[in-house]
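Counting from 1, position 80 in the sequence shown corresponds to residue 86 in our numbering; the numbering is continuous, with no gaps.
Glycine included, C-beta positions come from ideal geometry on N, C-alpha and C.
Heads up, the thing below is written out as structure tokens.
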Amino acid sequence: MIGSYLLRQQRRRQIFVDHRFAARQPTLAGDHRDAAAAVAGLLTHLHDKYPFTQFHISHQVYMGVWDALLNEDCHLAIGAAGNESLENSIKVLPLGKIEWVFAIAPTHPLAAAADPLNETQLRPYAAINVEDTARHLAKRTAWLLSGQQEIKVPDLRTKLECHLRGLGIGFLPRRLCQTYLESGELVAKQLKYPRQSSPLSLAWSDARGGEAVRTLINLFQTRDPLIAGLIGALD
């Protein structure tokens, strides 16, 4: 995991925000509209507090989050991969982890196979992956076996829909797919080599930014209800 949003303060200030979360990118708290509502609520708060600052949001994935922070003069990343900084000048605050579930459609040929599934059984079916948006850093592939076909999609919502239709296989954040597992629209399978949980962090540069950035950092340090929807997919 994961998706993401880039919140840019014009007037020489930029803030990057990531949901993968995005964990579940499109769905941090159960539905795409929930994530959108969380971002809108945060923007409303920031606009009320800093009415003369313009904010802009854009989308990044995986190493694209760190890329935006390190190479594109962004000030703050929500959902940066890992709990360690990639640069000494960047500070991090652990936010939680994404728990991954190997989930497939009940009509998929692997649904009836005995657990745990091995790589020989998995390889014939396409892996559905969200494409990394990094431009300067090396791109990362979430999960792909040697010789396996890959289908790249722009976000976790599209990935989820591909899983629901039985188009391919792969891992989904548990909080993204839990309701579909409970309804039987998806089936969880055990793998011989499961995917480990992914830690995500808040990351920022003290050398860049200003009062609005410090306000955002404080919201996350105090776990303010305003940011609950932005980290709702994390365990």
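Cβ-based burial, residue i [other Cβ within 10 Å; buried from 16]
i      : result
GLU90  : exposed
ARG180 : buried
ARG163 : buried
ILE233 : buried
Where residue i falls: helix, strand or coil (DSSP)
i      : result
SER95  : coil
PHE58  : coil
TRP106 : strand
LYS145 : coil
GLU125 : helix
LEU232 : helix
VAL71  : helix
ALA133 : strand
GLU156 : strand
Same chain only: Cβ atoms within 8 Å of residue i, ignoring 5 sequence neighbours per side
i      : result
GLY153 : ARG129
HIS142 : ASP73, LEU76 and ASN77
Nonlocal neighbours in the same chain, by C-beta distance under 6 Å from residue i, ignoring five residues either side
i      : result
VAL98  : SER91, SER207 and ALA209
ALA140 : MET69, GLY70 and ASP73
GLU137 : LYS158
ALA44  : GLY235 and LEU236
Own chain, CB closer than 7 Å to residue i, minus 5 neighbours either side, in chain order
i      : result
LEU147 : The residue you asked about is not Leu; residue 147 is Thr in the sequence shown. Once the five neighbours on either side are set aside, the close Cβ partners of THR147 are ASN135.
LYS145 : MET69 and ASP138
Check: residue i C-beta below 6 Å from any heavy atom of the ligand FMN
i      : result
ARG141 : This structure lacks the ligand FMN, and indeed carries no ligand of any kind.
Quiz item: Any chance the stretch 162 to 180 sits against the stretch 209 to 227, with 3 or more Cβ pairs inside 8 Å?
Solution: no
Quiz prompt | Contained alpha helix (DSSP H) runs [length at least 4] in the stretch 169 to 224, N- to C-terminal order | solution = 180 to 189
Quiz item: Using 8 Å as the threshold, is the stretch 94 to 103 in touch with the stretch 125 to 133, meaning 3 or more CB pairs across them?
Solution: no
Practice problem: Specify whether the stretch 112 to 122 and the stretch 185 to 205 touch according to this definition: at least 3 beta carbon pairs, one from each stretch, less than 8 Å apart. | Solution: yes
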